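S.K.: Numbering (our numbering), first residue to last: 101 to 1008. Just so it is clear, CB atoms sit at the ideal spot from N, CA and C, and this is done for glycine as well. Nothing here was measured: the structure is a model prediction, and the numbers come from that model. If you scroll down you'll find the structure; I have some questions about it.
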Amino acid sequence: MAGTPLVGRDQELRTVLACAAGSPATGLAVIGISGEPGIGKTSLLTEIARRLRDEQCAVLTSASDVLGKRIPYGTITALVRSLPAERARAEALAALEITGEDSGTWFGRACDQVVRLLTALTAARPAAVLVDDLDHADDDSLSLLTLVLRRLTAAPLVLVTTSRSADPGLLDRVEEHAEVTHLVLPPLTGAEVTRVVESFLDTAVDEGLAREVLHRSDGNPFFVTEIARSLRELNLLTVDDNRARLAVSPDAIRLTRGEALLRRVAPLENDTRLVARAVAVFRRVRLDQIPLLARVSSLPEPTVAEAFDALLHAGIVIHDDTGYRFSHALVGEALYQELGPAQRRHLHSLISARLLDDRAHHLPVDLLQLAWHLAESAAPGDHRAVAVLTEAATEARTSAPETAAALCARALQLLPVNAQDRIPLLALQCRILARASRPALAVDPGLAALKSLGPGQERTRVATATISSLFSVGRTAEALALADAEVAAGSTPTSLQAQRAVLLVYNNRYPEALAEAARLPSLPITSPAEGVIVHEHLALLTSFLFQHDRTVEHADQALAHSAGHLMLELQALSVCASITALAGLVHDADWRYRRAEDLATRTGAHSFRAERQATRVTLDWLGGHWDAALDNIGRYLPDMAASQADQAQGALQAIELSIRTWRGELDVAARLAALPPPRSTNISRLHAAAQAEHLIAKGDQLAAYDLLRASIGEDLEAPYSCLLAARMIELDLDQGNTKAAHDTLARLTEVAPTRVSPWSRTTIARITGVVRNDQDHLRAAAAEAAQGGLEFEKARAQLALGEVQALTEAYITFQRLGAHGLRRQAGNHLRALGAKVPRARSKTPGLLTTAEENVARLVQQGMRNRDIAAALHYSPRTIEVYLSRVYAKLHVSSRLELARALDAMQQR
101 MAGTPLVGRD
111 QELRTVLACA
121 AGSPATGLAV
131 IGISGEPGIG
141 KTSLLTEIAR
151 RLRDEQCAVL
161 TSASDVLGKR
171 IPYGTITALV
181 RSLPAERARA
191 EALAALEITG
201 EDSGTWFGRA
211 CDQVVRLLTA
221 LTAARPAAVL
231 VDDLDHADDD
241 SLSLLTLVLR
251 RLTAAPLVLV
261 TTSRSADPGL
271 LDRVEEHAEV
281 THLVLPPLTG
291 AEVTRVVESF
301 LDTAVDEGLA
311 REVLHRSDGN
321 PFFVTEIARS
331 LRELNLLTVD
341 DNRARLAVSP
351 DAIRLTRGEA
361 LLRRVAPLEN
371 DTRLVARAVA
381 VFRRVRLDQI
391 PLLARVSSLP
401 EPTVAEAFDA
411 LLHAGIVIHD
421 DTGYRFSHAL
431 VGEALYQELG
441 PAQRRHLHSL
451 ISARLLDDRA
461 HHLPVDLLQL
471 AWHLAESAAP
481 GDHRAVAVLT
491 EAATEARTSA
501 PETAAALCAR
511 ALQLLPVNAQ
521 DRIPLLALQC
531 RILARASRPA
541 LAVDPGLAAL
551 KSLGPGQERT
561 RVATATISSL
571 FSVGRTAEAL
581 ALADAEVAAG
591 STPTSLQAQR
601 AVLLVYNNRY
611 PEALAEAARL
621 PSLPITSPAE
631 GVIVHEHLAL
641 LTSFLFQHDR
651 TVEHADQALA
661 HSAGHLMLEL
671 QALSVCASIT
681 ALAGLVHDAD
691 WRYRRAEDLA
701 TRTGAHSFRA
711 ERQATRVTLD
721 WLGGHWDAAL
731 DNIGRYLPDM
741 AASQADQAQG
751 ALQAIELSIR
761 TWRGELDVAA
771 RLAALPPPRS
781 TNISRLHAAA
791 QAEHLIAKGD
801 QLAAYDLLRA
811 SIGEDLEAPY
821 SCLLAARMIE
831 LDLDQGNTKA
841 AHDTLARLTE
851 VAPTRVSPWS
861 RTTIARITGV
871 VRNDQDHLRA
881 AAAEAAQGGL
891 EFEKARAQLA
901 LGEVQALTEA
911 YITFQRLGAH
921 GLRRQAGNHL
931 RALGAKVPRA
941 RSKTPGLLTT
951 AEENVARLVQ
961 QGMRNRDIAA
971 ALHYSPRTIE
981 VYLSRVYAKL
991 HVSSRLELAR
1001 ALDAMQQR
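Right, here's the structure in full:
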């Protein structure tokens, strides 16, 4: 409440201010403040804002209410608007203006502008984002804000939220990337209640009065003030010797928290109370809505204006940047609940009727506001309400899919279960949820719509969205069954048949997939968009089937179909770059990636970003730029998780596990290995190769062998089977099982003519040379890898070759990559040959930054990562990143080696 001092919140205030002060060193800090209504969350947040501004911190503020939850991007727009007018603020607000363009492009541009704004703010000083009433923030704002925060984890930024719930979704979404502190505001103590009452009454109070207020308010600061106010206005207090006390026995007082709250409006004249109730239905009003308030209240406009001024004078309604609202949400809620459900619905109905009438007369009406009032008032079977809700959902579907999906759900509630009008709504809901990356929620409405949708373009769109959603949530058998049914029904577009062909591989129906790969290119293509989609699927399919020459051909065909359509060109380049990169076609993927990045920069488009990010990381991994790969994995994973880009996310998970394992960072690798493996049929095999390497590093060769054998397929038909089989052969040789090694090599040799990618050819040549001790094969493997841009594979072939020059090059490569176990092997071979081992880089303490050295010293003391994180106020993930850098700089691969290295430094 305005005028009520902030009492009893010193500890919470210190916690928040300490997090803000430490943010330049720790990066993003998140504090969630929760508690019941009236407990003082808003007052605390106001004081936090004041104190942070006094410390020259940039502060963005936003408050939400029930109506705010219905406004797409309302919360994040309010945050931006709270800043002083500057160019970056204007650009961010312009980006948040909802348009009808593609959702990926719009969302990406809006996200980038907000990130750019916050980055600029935090470049010179810390910044704070304060969100009041997070429970009422709109879902679209939460989605965008989550992604923004994940991309700013290293910035000196503090997010402080208030909510009635202790664990709203936003905090769950960012907890993986930042330390989250939960503060639950407790009731005030007796002494604190006394201070509040004395401040309100402007006099000392006796113990009996303070005790009675504490009892009736339960220590809630808002109700402490309201009960004190009611006692004074009811003349139940007296002042003797400058000390207030009760004038009657406590038993004679009939005053609860709810009664005290309603007394705020009880003294109002009847007309003013009617207007207050109408405002409670609006939640927020503008002065230009006074005529609408008059119509809803059935009062003359001058009377409403006078009553509105009375509400302002009484402090019941206050003004802020967005209009007029109740001084406390509890006042509005009490008035709203006082109306009763029937009267509330009646008032919402009056408002919606007036807005519909204005719309019929071509007056400007906020469609989403109209939809909200209709959603609150419409009766089942109200087809006009369904039409408006559907229109609003359609308008919001591209830029605000969360809001659009909720509008669809409400419209469906108004229709009988057997109504034909449900079918297009279910179809729209499915497509919206699929677009919003909510595949699990998109499946049921999609399947329901398909039961009644006839043949045509809409059925194809819904079927495609449903199949993709089933695939995304791992229900690949159901996805294929639906695709089979659509194809069997006839008149199936080529794009859906291509989608089905990929699903055949995911369901291990390889012979059918091969037949489809041969048949599909001859089918008709009706549009450039379909041409891009079909050849993307065929590129992926042929990649699975090791027909990598055809993979490149289909990637080129996809690009050819996109000619003259920039967004289609971006799609063809981005998707096919990721396909060829994961196939090990480094040079092909590289030019597609560079061209896609250039196109995205020129157009400002953000679609297919996950595919380009996966390509960048894969190219860095295969090309021997492991530090860059790890840095980008840390940057890209939040984006991928937010957009549910499972394929790209799984690829990065497998690549990071591989790098961490080869570097000997087994603590970090163990955490990655414990995550659920990717579901994608190709990425799951790539992950299996990395997982097997991790098991070997742990000393569990048997489990690694079993995993490899289960992953290669009976006829080595599984993706990455060359890599998997080669590692099996090496394990057999290590265990002295030469016959098993030769048998597996024979199987690999049999399929070798069909494996045309440099990665496959390199692997087959290297393992053949190892088994047969054939130097020519090993030289061919090294040359093939060098020509294909496969730096790590080249060094592995050189290590197996065992010649001085090759070993020297391999040593230098392994040293640069941080693969110190392999580096030591190369060094040992060089020493055995009497050759000079390249000099290792200096291990001076100056290599480490201050933060890295702090982390390293605590590791030396035997502390665990989580304890180090708590001691230094970092997240556990940040500690892992620092340790990775320390290991690479000091050329160590374990905590024990690190401790020894630091001991040696101290002795020098």
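By Cβ distance below 7 Å, which residues in the same chain neighbour PRO391 in space, the five residues on each side in sequence not counted?
M.R.: Along the sequence shown, one-based indexing puts residue 391 at 291. Excluding positions up to five away in sequence, the list reads GLU401.
S.K.: Taking C-alpha atoms, which residue in GLY889, THR849, ARG251 lies nearest to ASN732?
M.R.: For the purposes of this step, residue 732 is taken as the residue at position 632 of the sequence shown. Residue ARG251 is the option with its Cα nearest to ASN732.
S.K.: Among residues of its own chain, excluding the 5 on either side of ARG872, which ones have a beta-carbon nearer than 6 Å to its beta-carbon?
M.R.: For the purposes of this step, residue 872 is taken as the residue at position 772 of the sequence shown. For ARG872, where only same-chain residues beyond five positions count, there are no Cβ hits under 6 Å.
S.K.: Consult DSSP for ARG109 and reduce its assignment to one of helix, strand or coil.
M.R.: Position 9 of the sequence shown, counted from the start, is the residue given in the question as residue 109. Here ARG109 sits in coil by DSSP.
S.K.: Check the C-beta distance from ILE148 over to LEU230 and give it rounded, since I have them as a contact under 8 Å.
M.R.: As a working note, residue 148 is residue 48 in the sequence shown. As a working note, residue 230 is residue 130 in the sequence shown. About 7 Å separates the two Cβ atoms, so the contact holds.
S.K.: Mind checking whether ILE812 and ALA792 have CB atoms under 8 Å apart?
M.R.: Within the sequence shown, residue 812 is the residue found at index 712, counting from 1. Within the sequence shown, residue 792 is the residue found at index 692, counting from 1. Cβ atoms of ILE812 and ALA792: not closer than 8 Å.
S.K.: Here's the rule I'm using: 16 or more other beta-carbon atoms within 10 Å means buried, otherwise exposed. How should THR715 be labelled?
M.R.: Within the sequence shown, residue 715 is the residue found at index 615, counting from 1. Buried, because 16 or more other Cβ atoms sit within 10 Å of the Cβ of THR715.
S.K.: Compute the Euclidean distance between the alpha carbons of VAL248 and PRO226, then round it to the nearest angstrom.
M.R.: Within the sequence shown, residue 248 is the residue found at index 148, counting from 1. Within the sequence shown, residue 226 is the residue found at index 126, counting from 1. C-alpha separation (whole angstroms): 16 Å.
S.K.: Could you tell me how far apart the beta carbons of ALA471 and LEU489 are, in whole angstroms, since I believe they sit closer than 8 Å?
M.R.: For this step, residue 471 is matched to residue 371 along the sequence shown. For this step, residue 489 is matched to residue 389 along the sequence shown. About 5 Å separates the two Cβ atoms, so the contact holds.
S.K.: Should ALA178 and VAL258 be called a contact, given that it needs their Cβ atoms to be closer than 8 Å?
M.R.: If you number the sequence shown from 1, residue 178 lands on position 78. If you number the sequence shown from 1, residue 258 lands on position 158. Contact flag unset, no.
S.K.: May I ask you to report which of helix, strand or coil DSSP gives VAL159?
M.R.: Position 59 of the sequence shown holds residue 159. The answer is strand: DSSP assigns VAL159 an E or B state.
S.K.: Can you have a look at GLY962 and say buried or exposed, based on whether 16 or more other CB atoms are within 10 angstroms of its CB?
M.R.: By one-based count along the sequence shown, residue 962 stands at place 862. Classification for GLY962: exposed.
S.K.: Just mark PRO172 as buried or exposed, buried being the case when its beta carbon has 16 or more other beta carbons within 10 Å.
M.R.: Position 72 of the sequence shown holds residue 172. Buried, because 16 or more other Cβ atoms sit within 10 Å of the Cβ of PRO172.
S.K.: Using only CA atoms, which one of PRO778, LEU604, ASP767, TYR736 lies nearest to ALA754?
M.R.: As a working mapping, residue 754 is identified with position 654 in the sequence shown. The candidate whose alpha carbon is nearest that of ALA754 is PRO778.
S.K.: Which one of ALA880, LEU816, ALA883 has the shortest CA to CA distance from GLU850?
M.R.: The count along the sequence shown starts at 1 and reaches residue 850 at position 750. Comparing Cα-Cα distances from GLU850 to each of ALA880, LEU816, ALA883, the minimum goes to LEU816.
S.K.: Would you kindly report the start and end of the unbroken alpha helix (DSSP H) that includes GLY432?
M.R.: The sequence position of residue 432 within the sequence shown is 332, counting from 1. First-last of the alpha helix (DSSP H) with GLY432: 429–439.
S.K.: Since THR680 contacts THR642 with CB under 8 Å, what's their CB separation in whole angstroms?
M.R.: If you number the sequence shown from 1, residue 680 lands on position 580. If you number the sequence shown from 1, residue 642 lands on position 542. With 8 Å as the limit, THR680 and THR642 do not qualify as a contact, their Cβ atoms being about 11 Å apart.
S.K.: Is it buried or exposed, HIS648, if we count other Cβ atoms within 10 angstroms and call 16 or more buried?
M.R.: Taking the first residue of the sequence shown as position 1, residue 648 is located at position 548. Result: buried.
S.K.: Tell me whether SER942 sits in a helix, a strand or coil according to DSSP, three-state version.
M.R.: Locating residue 942 in the sequence shown gives position 842, counting from the first residue. Reliability of the predicted coordinates at SER942 is poor, the pLDDT of 45 falling under 50, and the value obtained from them is presented with this limitation in mind. Reduced to three states, the DSSP call for SER942 is coil.
S.K.: Can ALA818 and ARG785 be called in contact, C-beta distance under 8 Å?
M.R.: Here the question's residue 818 lines up with position 718 in the sequence shown. Here the question's residue 785 lines up with position 685 in the sequence shown. A contact, by the Cβ cut-off of 8 Å.
S.K.: My understanding is that LEU603 touches LEU580, with C-beta atoms under 8 Å, so please give their C-beta distance in whole angstroms.
M.R.: Stepping through the sequence shown from its first residue, residue 603 is reached at position 503. Stepping through the sequence shown from its first residue, residue 580 is reached at position 480. Confirmed, Cβ separation roughly 4 Å.
S.K.: Relative to the alpha-carbon of VAL180, which residue among LEU221, SER349, GLY208 has its alpha-carbon at the smallest distance?
M.R.: If you number the sequence shown from 1, residue 180 lands on position 80. Of the listed residues, the one whose Cα sits closest to VAL180 is LEU221.
S.K.: I'd like the span of the beta strand (DSSP E) that includes GLY423, first residue to last.
M.R.: For the purposes of this step, residue 423 is taken as the residue at position 323 of the sequence shown. Run containing GLY423: 423–426, per the beta strand (DSSP E) assignment.
S.K.: Would you say the stretch 696–710 touches the stretch 866–881, given that touching needs at least three Cβ pairs under 8 Å?
M.R.: Touching, no, given that fewer than three Cβ pairs across the two stretches are closer than 8 Å.
S.K.: Taking the alpha-carbon of ARG425 as reference, which of LEU456, VAL375, HIS473 has the nearest alpha-carbon?
M.R.: The residue labelled residue 425 in the question sits at position 325 within the sequence shown. Closest by alpha carbon: VAL375.
S.K.: Quick one: what does DSSP say GLU765 is sitting in, helix, strand or coil?
M.R.: Position 665 of the sequence shown, counting from 1, holds the residue named residue 765. GLU765: coil per DSSP, three-state reduction.
S.K.: Which residues share a DSSP beta bridge with HIS419?
M.R.: Start at 1 with the first residue of the sequence shown, and residue 419 comes out as number 319. Its beta-bridge partners are TYR424.
S.K.: Taking only runs that begin and end inside the stretch 760–847, name each unbroken alpha helix (DSSP H) of 4 or more residues, in chain order.
M.R.: Qualifying alpha helix (DSSP H) stretches, in chain order: 766–773, 781–798, 801–811, 821–834.
S.K.: I'd like to confirm the pairing. Which residues does DSSP put opposite ARG345 in its beta bridges?
M.R.: Locating residue 345 in the sequence shown gives position 245, counting from the first residue. Bridge partners of ARG345: THR338.
S.K.: Check ARG995 in the structure and name its three-state DSSP category.
M.R.: The residue given as residue 995 occupies position 895 in the sequence shown. Of the three classes helix, strand and coil, the one that applies to ARG995 here is helix, per DSSP.
S.K.: Measuring only the C-alpha atoms, how far is ALA125 from ASP388?
M.R.: Indexing the sequence shown from 1 puts residue 125 at position 25. Indexing the sequence shown from 1 puts residue 388 at position 288. Roughly 48 Å separates the two Cα atoms.
S.K.: Under three-state DSSP, which class holds ASP232?
M.R.: Here residue 232 corresponds to residue number 132 of the sequence shown, with the count starting at 1. If DSSP states are grouped into helix, strand and coil, ASP232 belongs with the strands.
S.K.: Between the Cα of VAL904 and those of ALA919, ALA926, VAL293, GLU891, spot the shortest distance and give me the residue it belongs to.
M.R.: Numbered from its first residue, the sequence shown carries residue 904 at position 804. It is ALA926.
S.K.: Grouping DSSP H, G and I as helix and E and B as strand, with all else coil, what is VAL937?
M.R.: In the sequence shown, the residue the question calls residue 937 occupies position 837. VAL937: coil per DSSP, three-state reduction.
S.K.: Decide if HIS787 is buried, meaning its Cβ has at least 16 other Cβ atoms within 10 Å, or exposed.
M.R.: Locating residue 787 in the sequence shown gives position 687, where the first residue counts as 1. Classification of HIS787: buried, given that the 10 Å Cβ count is 16 or more.
S.K.: Can GLN599 and ALA577 be called in contact, C-beta distance under 8 Å?
M.R.: Along the sequence shown, read from residue 1 onward, the residue named residue 599 stands at position 499. Along the sequence shown, read from residue 1 onward, the residue named residue 577 stands at position 477. No, the Cβ-Cβ distance between GLN599 and ALA577 is not below 8 Å.
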